[in-house]
Structure formats: C-alpha cells, structure tokens
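Asker: Here's a structure for you.
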Amino acid sequence: MKIDLVLSAGGKGRRDFHGKTVVVIDVLRASSTIVTALTNGCFAVYPVADPGAAAIFKRQLGSDCLTGGERRGLKIPGFDLGNSPLEYTAAVVGGQRIILTTSNGTQALLEAQNAAEILIGSFLNAGYLSSYLAAKEEVVFFCAGTNGEPAMEDLLCAGLLTERLLNNGVEPAITDAARLGLVVYRHLLGNSEADPVTVLGQFQHSKYLASIGFADDIAYCAQIDARPCLARYQDGRISLVEEGKGP
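Numbered by the numbering used here, the letters in the sequence shown go through residues 704 to 950 in order.
This is the structure we're talking about:
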C-alpha cells in the first residue's frame with residue numbers, strides 16, 4: 704500500500720487521482736455532517752459547487768429534498784439547513800435527499816472526481832473506514848483545509864487513519880505529506896490521556912466556529928468512532944455502502 708496526503712482543496716491545476724482511493728476529510732464540518740446525516744437515515748447527499756448550482760439541482764430533483772450548506776460557517780439564506788451536524792437529526796433528515804454546498808468540503812469532493820473511489824473520512828467513522836482501507840493499494844487522504852490553507856483538524860484525522868492502518872498490520876509506503884499527518888496525530892493525540900475535544904478546540908477554525916456560536920459542533924466532531932460507517936461518493940451522490948462492496 705502507498706499512502707499520500709493532500710493538504711487542502713483549491714490547489715492550482717487538476718490533480719491526478721486515477722486508480723486511487725481518495726478519502727475526503729473535512730472534520731469541521733462537512734465530512735462529519737455527511738456521516739451524521741447518512742447514519743441518521745438520510746437517503747443520499749448530493750455535493751454541489753455553490754448555492755446557484757444547489758438551486759438548479761433542487762429544481763431537477765423536485766421539491767422532496769433539502770438544501771444544506773454554509774458560507775463563512777453560517778447557513779446560506781433560503782437553505783433548509785446549515786452545516787452543523789447537530790441539525791441533521793433523524794427526525795429532520797430521515798428518508799431525505801440533501802443537496803449540500805460548503806466552503807471547503809464539497810470543493811474537495813468535486814476536485815476528486817477522477818479517482819477510482821471516493822470515501823468520506825472523519826473522526827466519527829475512523830475505525831470502520833480504516834478497516835476498509837486496509838485492502839487498498841493506493842490511498843490518498845484529501846484534507847479539505849480552510850480557504851485553500853491546511854487545517855490542523857484534517858491533518859490530525861488523516862494521521863489517525865494512517866495510525867489505524869499501521870495498527871492493522873499494513874506496511875505502507877508513506878509519502879512525506881502523509882507522514883506529516885502521522886506526526887501531528889502522534890504528537891497531539893498519541894497518548895491515552897489526550898482529549899480530542901481539547902485538542903481540536905485549540906485550532907484556528909475551531910476558534911472561529913466557537914466565536915459564531917458552534918462550539919458544540921467541535922465537541923461532537925471530535926468523537927472518535929461514534930458513527931461507524933462507510934460513505935462513498937459515486938455517480939454524483941454520497942450514500943452508505945456495505946463494507947466489502949466495490950465502487
């Protein structure tokens with residue numbers, strides 16, 4: 704196995720993910736929100752680039768779907784939901800289709816579309832996901848970042864997934880970028896006394912979210928293995944899949 708890492712979405716040029724399994728990670732908050740929505744009974748999530756595309760897509764899907772997303776962390780005017788995973792309860796999203804656009808996470812998903820397989824990664828589903836990844840030949844952790852810059856929480860999650868793969872007996876070739884994620888994880892969360900909520904709360908984007916009223920999201924998104932699942936982006940939509948099924 705080879706493990707690589709992309710530090711953020713929005714880089715210049717088109718990345719070549721051909722033949723690779725790409726794990727898109729946006730801990731705060733798109734990937735955590737997607738995992739939450741799907742495990743709460745959402746039928747599928749459709750990532751789109753911007754609010755205009757969401758409006759067009761909603762007209763195509765019909766009225767029986769919800770729009771969700773944010774800009775600068777806040778719900779987009781006219782949308783049904785923001786990007787807080789705590790909004791995506793079973794009562795709200797059960798059986799629904801959701802059109803989602805966010806500042807960073809959905810951009811990374813759209814940039815990864817030439818990959819052989821695209822999966823959603825977060826702390827919430829880290830263990831289940833890493834078990835599935837163990838059989839893959841080439842994995843890229845695509846950290847969404849924040850506004851084109853690396854985000855520590857995404858690096859931390861990529862490092863956790865890499866550590867889980869190593870603990871599962873995988874002996875991968877690790878690029879320097881992927882090793883950076885592993886170093887971050889081992890330094891900040893590599894001992895049993897480390898508190899994920901406290902660690903995440905130190906980061907720049909966490910502080911911003913807390914300042915606009917979303918401190919509870921940080922604690923929620925820091926829950927490791929709280930939502931075991933495999934979520935795959937395929938044919939324009941993200942849905943849950945049974946472990947072991949190919950793309």
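Quick reminder that beta carbons are idealized off the backbone N, C-alpha and C, glycines included.
A quick note: this is a predicted structure, and the numbers were derived from the prediction, not measured.
Could you check whether the region 830 to 844 touches the region 770 to 788, counting it as contact only if at least three pairs of C-beta atoms, one from each stretch, sit closer than 8 Å?
Answerer: no
Asker: Helix, strand or coil for Ile945? Go by DSSP, reduced to three states.
Answerer: A quick correction: the sequence has Glu, not Ile, at residue 945. Three-state result, Glu945: coil.
Asker: So, using beta-carbon positions, are Leu863 and Ala829 closer together than 8 Å?
Answerer: yes
Asker: Can you pull the DSSP bridge partners for Glu840?
Answerer: Beta-bridge pairing links Glu840 to no other residue.
Asker: Who are the near neighbours of Glu852 in its chain, counting only those whose CB is closer than 7 Å to its CB and skipping five residues on each side?
Answerer: Ser711
Asker: Tell me whether Lys910 is buried or exposed, calling it buried when 16 or more other Cβ atoms sit within 10 Å of its Cβ.
Answerer: exposed
Asker: Take Gly797 as the anchor and find which of Thr901, Leu741, Leu803 and Thr809 has the nearest alpha-carbon.
Answerer: Leu741
Asker: Can you name the start and end residues of the alpha helix (DSSP H) that Leu891 belongs to?
Answerer: In the DSSP assignment, Leu891 falls within the unbroken alpha helix (DSSP H) covering Asp879 to Leu892.
Asker: Output the distance between the C-alpha atoms of Gly947 and Leu832, rounded to the nearest integer angstrom.
Answerer: For Gly947, the predicted structure reports a pLDDT of 49, less than 50, and the residue's modelled location is therefore unreliable. A value from the coordinates is still provided. Roughly 11 Å between the two C-alpha positions.
Asker: Is the beta carbon of Arg800 sitting closer than 8 Å to the one on Cys768?
Answerer: yes
Asker: Given a cut-off of 8 Å, decide if Ile823 and Ala925 are closer than it, judged by their beta-carbon atoms.
Answerer: no
Asker: Which residues share a DSSP beta bridge with Thr724?
Answerer: Glu820 and Val842
Asker: Considering just the uninterrupted stretch of the alpha helix (DSSP H) at Arg756, what are its terminal residues?
Answerer: What sits at residue 756 in the sequence shown is Ala, not Arg. Pro754 to Leu764 is the extent of the alpha helix (DSSP H) around Ala756.
Asker: If I follow the unbroken alpha helix (DSSP H) through Pro899, where does it start and stop?
Answerer: Pro899 to Gly904
Asker: Examine the ligand FMN and report whether any of its heavy atoms sits within less than 7 Å of the Cβ of Ala829.
Answerer: In terms of ligand content, the structure shown is empty, and the ligand FMN therefore cannot be addressed.
Asker: Hey, could you find the ends of the beta strand (DSSP E) Ile737 is sitting in?
Answerer: No beta strand (DSSP E) holds Ile737; the alpha helix (DSSP H) holding it covers Ala733 to Thr742.
Asker: Who are Glu852's beta bridge partners in DSSP?
Answerer: Looking at the DSSP assignment, Glu852 forms a beta bridge with Thr849.
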